[in-house]
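**Q** First residue of the sequence shown: 176, per this note's numbering; consecutive thereafter.
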Amino acid sequence: MVIMGPAQSGIPQLSALPKTWYVLVIDIKDCFFSIPIHPEDSPRFAFTIPALNHEGPDQRYEWKVLPQGMANSPTMCQIYVNKVIQPLRNQNPELQIFHYMDDVLLAHKDKNTLLECYATLTNLLKNYNLEIAIDKVQLNFPINYLGVLLSSTMVRPPKIQIRVDQLKSLNDFQKLLGDINWIRPYLGIPTGELGPLFDILKGPSDPNSPRMLTPEARKALKIIETYMENMHLDRIDISLPLLFIVLPTKNIPTGVFWQEGPLLWIHLSYSPNTILTRYPEAVGQLILKGIKAAKGVFGISPNKIITPYTMNQIDELANELNTWAIIMCKSNVSFDNHLPSNPLLSFWSLHPVIFPKMTRKTPIMNTPNIFTDGSNNGTAAIVTPDQTFTFLVPKQSAQKVELNAVLQAFVMFKDSVFNLFSDSQYIVNAIVSLEDAGRISPSSTVFSLLSTIQSLIWDRKDPIAMVPT
176 MVIMGPAQSG
186 IPQLSALPKT
196 WYVLVIDIKD
206 CFFSIPIHPE
216 DSPRFAFTIP
226 ALNHEGPDQR
236 YEWKVLPQGM
246 ANSPTMCQIY
256 VNKVIQPLRN
266 QNPELQIFHY
276 MDDVLLAHKD
286 KNTLLECYAT
296 LTNLLKNYNL
306 EIAIDKVQLN
316 FPINYLGVLL
326 SSTMVRPPKI
336 QIRVDQLKSL
346 NDFQKLLGDI
356 NWIRPYLGIP
366 TGELGPLFDI
376 LKGPSDPNSP
386 RMLTPEARKA
396 LKIIETYMEN
406 MHLDRIDISL
416 PLLFIVLPTK
426 NIPTGVFWQE
436 GPLLWIHLSY
446 SPNTILTRYP
456 EAVGQLILKG
466 IKAAKGVFGI
476 SPNKIITPYT
486 MNQIDELANE
496 LNTWAIIMCK
506 SNVSFDNHLP
516 SNPLLSFWSL
526 HPVIFPKMTR
536 KTPIMNTPNI
546 FTDGSNNGTA
556 AIVTPDQTFT
566 FLVPKQSAQK
576 VELNAVLQAF
586 VMFKDSVFNL
596 FSDSQYIVNA
606 IVSLEDAGRI
616 SPSSTVFSLL
626 STIQSLIWDR
636 KDPIAMVPT
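1. Reducing DSSP to helix, strand and coil, say where threonine 498 ends up.
2. Short check: CB of proline 193 to CB of isoleucine 413, under 7 Å?
3. Our contact map puts isoleucine 539 next to proline 379 with C-beta atoms below 8 Å; I'd like the distance itself, whole angstroms only.
4. In or out: leucine 241 buried (at least 16 other Cβ within 10 Å) or exposed?
5. Identify, in the order they occur along the chain, each residue of the same chain with its Cβ nearer than 7 Å to the Cβ of glutamine 237, setting aside the five sequence neighbours on each side.
6. Just verifying my parser: in three-state terms, what is the DSSP assignment at tyrosine 303?
7. Would you mind working out which of Leu496, Ile398, Ala640, Pro531 sits nearest alanine 584, comparing C-alpha positions?
8. Need the endpoints of the beta strand (DSSP E) that glycine 613 sits in, please.
9. By a C-beta neighbour count over all protein chains shown, 10 Å radius and 16 as the cutoff for buried, is proline 643 buried or exposed?
10. Are asparagine 267 and cysteine 292 closer than 7 Å when you measure CB to CB?
11. In the region 283 to 358, which residue ranges form an unbroken alpha helix (DSSP H) of at least 4 residues, counting only runs that do not cross its ends?
12. Taking just the CA atoms, how far does phenylalanine 432 sit from asparagine 478?
13. Looking only at its chain, what residues have a beta carbon closer than 7 Å to the beta carbon of alanine 392, apart from the 5 residues adjacent to it on each side?
14. Counting Cβ pairs, one atom from each stretch, are 3 or more of them under 8 Å apart for the region 590 to 604 and the region 485 to 500?
15. Write down the C-beta distance between threonine 295 and leucine 321 rounded to the nearest angstrom, noting that I regard them as a contact closer than 8 Å.
16. Tell me the start and end of each unbroken beta strand (DSSP E) in the region 413 to 499 that is at least 3 residues and wholly inside, in chain order.
17. With phenylalanine 593 and proline 531 assumed to form a contact (beta carbons below 8 Å), what rounded beta-carbon distance in angstroms separates them?
18. Quick test of your reading: lysine 239 and isoleucine 210, contact by CB under 8 Å. State the CB separation rounded to the nearest angstrom.
19. Thinking leucine 299 and isoleucine 260 are a contact (beta carbons under 8 Å), I'd like their distance in whole angstroms, please.
20. Could you round the C-beta distance between asparagine 512 and tyrosine 484 to whole angstroms and report it? I think they count as a contact, below 8 Å.
21. By alpha-carbon positions, which one of Leu324, Asp340, Gln341 ends up nearest to proline 333?
22. Out of Trp440, Ile201, Ala556, Ile489, which has the shortest C-alpha to C-alpha gap to lysine 153?
23. Answer with buried or exposed for phenylalanine 546, where buried requires no fewer than 16 other C-beta atoms within 10 angstroms of its C-beta.
24. What residue range is occupied by the uninterrupted alpha helix (DSSP H) comprising glutamate 400?
25. I'd like the ranges of any beta strand (DSSP E) spanning at least 3 consecutive residues and lying wholly in the region 533 to 597.
26. Cβ of leucine 199 within 7 Å of Cβ of leucine 281?
27. Among Ala580, Pro560, Thr559, Gln562, whose alpha-carbon lies nearest the alpha-carbon of valine 568?
The following block contains the structure:
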């Protein structure tokens, strides 16, 4: 059997339902057992029931409807039901239809039109031998659809139960993070706060390999429980502009679609693709992800994007980073750096925005020039206008040795303005990126060195220039 794969890449996002629209939800009764399979395919789904104690011949049967448990049955069910309801979509372009397996949601701004569409759908299903489970029809709020509670203005997902006493293996933590990821579109919890939980996944890949809940991970779970107390999303108001807001959360930015409240939270991956990711680069990646999500979920581009940066800073970023150049070329939206007035957002307005202030890329005039170098035999060197310093570190790559020299240079001249020269483009790029780097990959062998240099840069009161030779 050729596996068809899923016909839908995800479940519908209910915050895309216009606010105050009327909603009706139906469940198709015994959907799988109501969908016939082709007579030529029936022999392919034959099965045998042995006679008790072999008292007679075994009974052989063939499925005439979609068998539950077959890999392709869910996909075929999805395609079959979609074919049935497609005429209703075509006849009523203003009607919103959410369809997932045997669960169908209808939404319209006019209640009478919604009821007429329901009657039409009932007849369409009957024509294909499908029947609505009358006792499961929902018309009055609150309405439950795919486990999400829907009111006239907002949506609430079910609260997940976090049982720490059952977290003993890699598979246990994978399931837990799978549940958390499912509700993350409803949660404003920053990706960085989940770091201790993601770190537990590192190590042996055997699903049964032992894992232990660390104190940091316990703290992360407490934070998640706090966020879950009030997690909800507003339904979109089609009369208001759609904002995409980038919040300057620690290490990794967090995005949210916003009108009078959150419509959908957007998060970046915890694991960076590179050792160093500049914070402005992560903001750019989040904006591109947000623009794509806006079109995929709400069918429109955001009317305004609110970032932590001024327009002058955005122009600088567009000249320097490809991600921002793409944003400026592709998007026709306006930018702003002022958050809407709301208690949920006002907290983030107090967070400092990291933008390079101390690190320059061109030499500073009338300033001492310092040179660093390293050899793979472990010799690190710092050359100043007055003298040369050499010291030994454990043998490693020349770049790592030179990073030790760079670290010592920052320590020696922590209260001075200086130009730092290196013939390693890797080191130049790393040091230039450190000041506004959001997260340094902990798995990197230079994590400790880069983190220490970053702290020294943040503590400086005078600028430095990092220049290639």
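Think of the CB as a built atom: it goes at the ideal place given N, C-alpha and C, for glycine as much as any other residue.
**A** So, from the data block:
1. Against the sequence shown, residue 498 aligns to sequence position 323. Here DSSP, grouped into helix, strand and coil, assigns threonine 498 to helix.
2. As a first step, residue 193 must be located in the sequence shown, where it is residue number 18. As a first step, residue 413 must be located in the sequence shown, where it is residue number 238. Proline 193 is a Cβ neighbour of isoleucine 413, given a cutoff of 7 Å.
3. Taking the sequence shown and counting its residues from 1, the one referred to as residue 539 is at position 364. Taking the sequence shown and counting its residues from 1, the one referred to as residue 379 is at position 204. Rounded, the Cβ-Cβ distance is 50 Å, inconsistent with contact.
4. One-based indexing of the sequence shown puts residue 241 at position 66. Taking every protein chain shown into account, the CB of leucine 241 has 16 or more other CB atoms within 10 angstroms, so this residue is buried.
5. In the sequence shown, counting from the first residue as 1, residue 237 sits at position 62. Checking the sequence shown, residue 237 turns out to be glutamate, not glutamine. Excluding positions up to five away in sequence, the list reads Ser217, Pro218, Phe220, Ala221.
6. Here the question's residue 303 lines up with position 128 in the sequence shown. Here tyrosine 303 sits in coil by DSSP.
7. Within the sequence shown, residue 584 is the residue found at index 409, counting from 1. It is Ala640 whose Cα lies nearest to the Cα of alanine 584.
8. By 1-based counting over the sequence shown, the position of residue 613 is 438. Its beta strand (DSSP E) spans residues 612 to 615.
9. For the purposes of this step, residue 643 is taken as residue 468 along the sequence shown, with counting starting at 1. Residue environment: proline 643 is assigned as exposed (fewer than 16 neighbouring CB atoms within 10 Å of its CB, all protein chains considered).
10. Residue mapping note: residue 267 aligns to position 92 of the sequence shown, counting from 1. Residue mapping note: residue 292 aligns to position 117 of the sequence shown, counting from 1. Contact flag set, yes.
11. Runs of the alpha helix (DSSP H) inside the region 283 to 358: 286 to 302, 345 to 358.
12. For the purposes of this step, residue 478 is taken as the residue at position 303 of the sequence shown. For the purposes of this step, residue 432 is taken as the residue at position 257 of the sequence shown. If I take the Cα positions, the gap works out to 11 Å.
13. Start at 1 with the first residue of the sequence shown, and residue 392 comes out as number 217. Closer than 7 Å at Cβ, skipping near neighbours: Pro371, Leu372, Ile375.
14. No: fewer than three Cβ pairs fall under 8 Å.
15. Residue 295 sits at position 120 when you count from the first residue of the sequence shown. Residue 321 sits at position 146 when you count from the first residue of the sequence shown. With a Cβ gap of about 23 Å, threonine 295 and leucine 321 do not count as contacting.
16. Counting whole runs of 3 or more residues, the region 413 to 499 contains the beta strand (DSSP E) stretches 418 to 422, 429 to 433, 437 to 442, 451 to 453, 479 to 481.
17. For the purposes of this step, residue 593 is identified with residue 418 of the sequence shown, where counting begins at 1. For the purposes of this step, residue 531 is identified with residue 356 of the sequence shown, where counting begins at 1. Between proline 531 and phenylalanine 593 the Cβ distance is about 17 Å, and since that is not below 8 Å, they are no contact.
18. Within the sequence shown, numbered from 1, the residue matching residue 239 stands at position 64. Within the sequence shown, numbered from 1, the residue matching residue 210 stands at position 35. Contact annotation, lysine 239 with isoleucine 210: C-beta distance approximately 10 Å; criterion of less than 8 Å not satisfied.
19. Position 124 of the sequence shown, counted from the start, is the residue given in the question as residue 299. Position 85 of the sequence shown, counted from the start, is the residue given in the question as residue 260. Taking the Cβ atoms as the reference, leucine 299 lies roughly 7 Å from isoleucine 260, within the contact range of under 8 Å.
20. Working through the sequence shown from its first residue, we reach residue 512 at position 337. Working through the sequence shown from its first residue, we reach residue 484 at position 309. Taking 8 Å as the upper bound for CB-CB distance, asparagine 512 and tyrosine 484 are in contact here, some 6 Å apart.
21. Your numbering for residue 333 matches position 158 in the sequence shown. Comparing Cα positions, the closest option is Leu324.
22. There is no way to answer for residue 153, as the model of the chain reaches only from 176 to 644.
23. Here residue 546 refers to the residue found at position 371 when the sequence shown is read from its first residue. Result: buried.
24. Translated into the one-based positions of the sequence shown, residue 400 becomes position 225. Membership of glutamate 400 in the alpha helix (DSSP H) is indicated by the continuous run 390 to 403.
25. List check, beta strand (DSSP E) in window: 544 to 549, 554 to 558, 563 to 567, 593 to 597.
26. Walking along the sequence shown from the start, residue 199 turns up at place 24. Walking along the sequence shown from the start, residue 281 turns up at place 106. For leucine 199 and leucine 281, yes; Cβs fall inside 7 Å.
27. Taking the first residue of the sequence shown as position 1, residue 568 is located at position 393. Selected option, being the one with the closest Cα: Ala580.
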